[in-house]
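These notes are about the structure you will find just below.
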Amino acid sequence: MTGHATECLLRMFDQHHELEDYQSGVPRWCTGCGDNAILAAVQRLCRDEDLRPEKTVFVSGIGCSSRFPHYMKTYGFHGIHGRALPVAEGIKMARPDLNVFVNTGDGDCCSIGAAHWIHAIRYNMNMTVMLHDNQIYGLTKKQASPTSPRGTKSNTTPRGSYLEALQPLTVTLGVQNVSFVAQAVDWIPEVLYDIIAKAYRHKGLSFVRIIQRCPEWLPNVFEPWMQDPLRTMLLTHEGGLTISPNLSKIYKTQERHDPSNINRAREIASLQDPIPIGILYHNPDVPCYEELRDAGHRRSARYIKVGLDAEFDKFTIWPQDADSNIQPSA
Amino acid sequence: MNEMTAEAAVKPHPRTSKSAPTGKTAVTLSEHIVEIVSDSGEGAQRCGQSLAAIAARMGNGVWTVEIIPAEIRPPARSVAGGSGNRIRLGSGRVTNGGNETDLVIAFNEQVLLGRVRNGELKANCTILLESMWRESTDKSIAATYVQTHDQLVAAGYKVIETPMERECRTIVADARRGKNMFALGMLCNIYSFDLQIAREQIARTFGKKDASVIESNVKLLNAGYDWAEKNLEFKYRIPATRSTEPQIVTDGNTALALGVLASGMEICAMYPITPATSVSHYLSSVFEKVGGIVHQAEDEIAACTFAIGASYAGKCAVTVTSGPGYSLKQEAIGLAVMGEIPLVVINVQRGGPSTGQPTKVHQGDLMTAIFGSHGDAPKVVMAPGTIEDCFYSVVTARKIAETFNMVVVILSDASLASSQQPFTRPQFSEAWLAPPVDQSEVPEGGKPYDWNPTTGLARRFIPGQPGGMHTLTGLAHDDQSHVAYDPDTNESSIRARSHKLAALQKTLATPPIFGDEKGDLLVIGWGSTKGAIEEAVTHLRAKGHKVSSLHLTFLQPMAPGIEEIMRRFKKVITIEGNWSDDPNDEIIDPSNRRYSALAILLRSRYLIDVDCWSEVRGQPIKPSTIERIVLEKLKPREAQS
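As you go down the protein sequences, you meet chains A and B in turn.
1 is the number of the first residue of the first sequence in this note's numbering; add one for each residue after it.
1001 is the number of the first residue of the second sequence in this note's numbering; add one for each residue after it.
Here is the structure:
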């Protein structure tokens, strides 16, 4: 890795970044949309971690939340519906030095991109995945999503949705190689920030489901939880969330939860009332696919030539082979 | 534990080291087509591959075609379950699989019947048929064998019953695992090949195994050789033409994989699919040695988007697939087109639509490669015509992809995939590798899509590059990569992406004409039919017909000068392995006739009345078939049936 020395030099001259170094344009999300809170938390995280904008990539699919990269003054990849994760994996494999974030909605991740979601957890590449879960399709104007609660009235389910909602946390916690699972809500910004920061600092795929309000299509769906703080449960552990005294006074339902306990994590994941908030599962020892694959090498032309010539040798017939064995004519 | 070394096992056998004929005179031939066919798992493919390698080492021209059943373990002794190899041996360079087979070794009569019914054997073909079935304790098997044998004899085939099983049993307990080497020995005798080269080939094939394995295989080889020497009345010799340069002998899929190595690409993302998978098999075994990675994704879409992610981040990647997988990748390919991300997509075509014929050759994906993906999604489409082309096409594709920031589709097919043909060993050139991606700081005001108004080309900013931050999007966008809703921006960005094809077209050379520059009829082809077309043209020209051919490597864009060439011939016809309606069919008339893909492209682009002929039999098109069709087309219109 010849790149390291230059990298260090560059870092010496790094400038400290301000919030505006990460802000690009005025978000076109609706007033009161939970995406705004997520954007604010992420921009704050970038500043606090002093992420170099050119070394940071936000990858998304399609949907309201997938507009996210356009509002970051970093590199961004606003791709196609459901495929944010494999694009992000390709980026990380090619360039493990980049900070990779994924913003994906409930339709993007849990419906059209569900296969990639499952496998992304298994690959466990070092990236932060934010599931913006507002339980509805917004951009296409109100259709039920896999996470819509049963009975949700939408344009495709005018008499109420028929199926029980898919639970993103239980699904994620059921996949081999899961290494970091957390849940946040957009209306407690302090905890949202804290959780995204913990997720960012985890090495491996950190999956954060962010319960997010859609004021346009499902305006009051979380109202009962917002009105009654006791219906929100904060998960605490040593070195875990930083909960201010003020917050503690409001959110009194708390559980001391050991995030290495996957069985309890799965039980908590299936709770819908109270809504659990915090780090459900954390295992820093799961290997990252890009490291298993030894990604990120730089190669010289000579290196390639040597390898290629060795392969050619396996298939080569040298002229002398034939020379010495020409048959006498009959 | 056998102490014998591999070298000792292949030491010249004192009795048979000289292959001088004893009593028999070898008939000199310019070429011969031989095949060996067995139940799956009996090793006929290995026998065929070994024979091809030995022939190539002897200095003979070789083209092999795999005989592949669609199932992994088809029922034993089944007509559709034949597995093996067909090898065309020649004095000079062999460019295609040729016509019907001259000699067959068959391990049972049922797999042989499959070949007979497919019309693969010459009328008076020599058949060396395993005779054990005659004595089968299963009465129905014995009866079927006798009946089939008698029918084949009555039909004029020269059937020679061969006790391969019995002979092998004197050497190994399980003849099923050694009969192929006995057969190889027979073939070495029949074609007067040097046994020492054959022994070395066995040592190479079984190199990683115990010396005793090599020893017993060499014994079987010698036994087969001796048996043929003693019992067969014929012997051939195909004079070898010495090559002065080192030759590579591989199949097309291996050549594609070697091309990936040589191109300097570092990431291949794929999902298993027949007949493309062997590209990734070989690549997986060697790519890491040169710092590359084969990623087996969870599905075709993920394979394509993974490759797109890697390319976007500065390492041009390749994804390898076949028809059904290609269909799944279409939306992602459109994204790469829209984002102007370089990408190489290899499609080893198979029969379609849907699951179609996974192991059979077809050229059915030309239109989907050029026009696939919704909206206007211009991409480059090229097709290798030889095994050698398979290698170089990947190097070229990567170059074009990165120079023009485009998707380049390589259309290979199931025939090239598993055929072997020697080609001159390439000399590595640093120019094959793309120059390092420009990572220098982007000056203030730099635009991520600063389209050149003429060519549509723009410099690309990649993550890590200071000052180049932007969000790539699949939405319509302006030169800043900002989402654009206005009509002018949308149209001008589509123009820019389209003009890149025109810019590339300006750099292409007019393909050479095979034959005279003008004449009565021009055959145009693409892909794996090249060798067969040129062979047919050679024969026709030798008979005095004014026929030439043109092979197109670039299908999108098409090279300049093609129209001028076509206009110098009285008639132009494409020959392709995809569907076209036969104008003589009852329901077909000029207003509803569907043409072959290339014919449609040529007709629409050049306004020339290009005719076509095609077949979709899942078999390589034979030179004799092409000859027959061209002769038919050369007749005045009223005389055509």
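Backbone N, C-alpha and C fix where the C-beta goes; we use that ideal spot for every residue, glycine too.
For clarity, every value in this text was computed on a predicted model and none was experimentally measured.
Pairwise C-alpha distance: residue j and residue i
i, j, result
"A/Asn126", "A/Val100", "8 Å"
"B/Tyr1145", "B/Val1213", "32 Å"
"B/Gln1045", "B/Ile1067", "8 Å"
"B/Arg1605", "B/Val1572", "14 Å"
"B/Ala1056", "B/Phe1423", "10 Å"
"B/Asp1520", "B/Lys1633", "10 Å"
"A/Val129", "B/Val1344", "28 Å"
"B/Ala1484", "A/Pro69", "16 Å"
"B/Val1409", "B/Cys1168", "48 Å"
"B/Phe1569", "B/Leu1220", "56 Å"
"A/Leu19", "A/Lys249", "30 Å"
"B/Gly1059", "B/Thr1244", "10 Å"
"A/Glu190", "B/Ala1502", "55 Å"
"B/Thr1126", "B/Arg1176", "23 Å"
"A/Asn343", "A/Asn261", "Residue 343 of chain A lies beyond the stretch modelled for chain A, which goes from 1 to 330, so this question has no answer here."
"B/Pro1384", "A/Thr152", "55 Å"
"B/Trp988", "B/Lys1360", "This structure gives no information on residue 988 of chain B, because the portion of chain B shown stretches from 1001 to 1641."
"B/Asp1102", "B/Met1338", "53 Å"
"B/Phe1371", "B/Pro1378", "8 Å"
Terminal residues of the beta strand (DSSP E) in which residue i lies
i, result
"A/Thr157", "Note, A/Thr157: premise wrong, no beta strand (DSSP E); not H, not E."
"B/Trp1063", "Gly1061 to Ile1067"
"B/Leu1088", "The amino acid occupying residue 1088 of chain B in the given sequence is Arg; Leu does not appear at that position. Counting along the chain, the beta strand (DSSP E) containing B/Arg1088 begins and ends at Ser1083 to Gly1090."
N-terminal and C-terminal residue of the alpha helix (DSSP H) that residue i is part of
i, result
"A/Asp194", "Pro189 to Arg201"
"B/Ile1565", "Ile1562 to Arg1567"
"A/Gly278", "Element bounds for A/Gly278: not the alpha helix (DSSP H) but the beta strand (DSSP E), Ile275 to His282."
"B/Asn1217", "Ala1211 to Asn1231"
"B/Met1164", "Met1164 to Arg1169"
"B/Leu1184", "Lys1179 to Ile1190"
"B/Thr1368", "Leu1366 to Phe1371"
"A/Ile262", "Ile262 to Ala269"
"A/Val26", "First-last for A/Val26: undefined, no H or E at that position."
"B/Ser1415", "Ala1414 to Ser1418"
"A/Met226", "Glu223 to Gln227"
Residue-level contact to chain A via CB, residue i, 8 Å cutoff
i, result
"B/Gln1480", "no"
"B/His1539", "no"
"B/Asn1098", "According to the sequence shown, residue 1098 of chain B is Gly rather than Asn. No, because no Cβ of chain A sits closer than 8 Å to the Cβ of B/Gly1098."
"B/Arg1425", "yes"
"B/Ser1624", "no"
"B/Tyr1392", "no"
"B/Thr1244", "yes"
"B/Asp1299", "yes"
"B/Pro1463", "yes"
"B/Gln1147", "no"
"B/Gly1372", "no"
"B/Gln1247", "yes"
Closer than 8 Å to chain B by CB, residue i
i, result
"A/Trp187", "no"
"A/Ile279", "no"
"A/Tyr137", "no"
"A/Pro86", "yes"
"A/Gly174", "no"
"A/His16", "no"
"A/Ile304", "yes"
Contact set between residue i and chain E, taken where Cβ atoms lie within less than 7 Å
i, result
"B/Glu1331", "The question asks about chain E, but that chain is absent: this structure's protein chains are A and B."
Anticipated Cβ contact below 8 Å, residue i with residue j, distance rounded
i, j, result
"A/Ile112", "A/His81", "5 Å"
"B/Lys1235", "B/Ser1192", "6 Å"
"B/Thr1170", "B/Leu1129", "B/Thr1170 to B/Leu1129, Cβ: 20 Å. No contact."
"B/Ile1608", "B/Met1558", "Going by Cβ atoms, the distance from B/Ile1608 to B/Met1558 rounds to 13 Å, so no, they are not a contact pair."
"A/Ile304", "B/Val1290", "5 Å"
"B/Gly1525", "B/Thr1574", "7 Å"
query = What runs of the beta strand (DSSP E), each 3 residues or longer, lie entirely inside the region 1238-1310 of chain B?
reply = Complete beta strand (DSSP E) runs here, min 3: 1247-1251, 1267-1270 and 1293-1296.
query = Taking only runs of the alpha helix (DSSP H) that begin and end inside the region 61-134 of chain A, which ones reach a length of at least 4 residues, in chain order?
reply = Counting only runs of 4 or more residues that sit fully inside the region 61-134 of chain A, the alpha helix (DSSP H) segments are 84-94 and 114-123, in chain order.
Ordered list of alpha helix (DSSP H) runs contained in the region 1545-1631 of chain B, each at least 4 residues = For the region 1545-1631 of chain B, whole alpha helix (DSSP H) runs of length 4 or above, ordered along the chain, are 1562-1567 and 1597-1606.
query = Residue ranges of each beta strand (DSSP E) run of no fewer than 3 residues wholly in the region 1489-1549 of chain B, ordered along the chain?
reply = The qualifying runs are 1519-1525.
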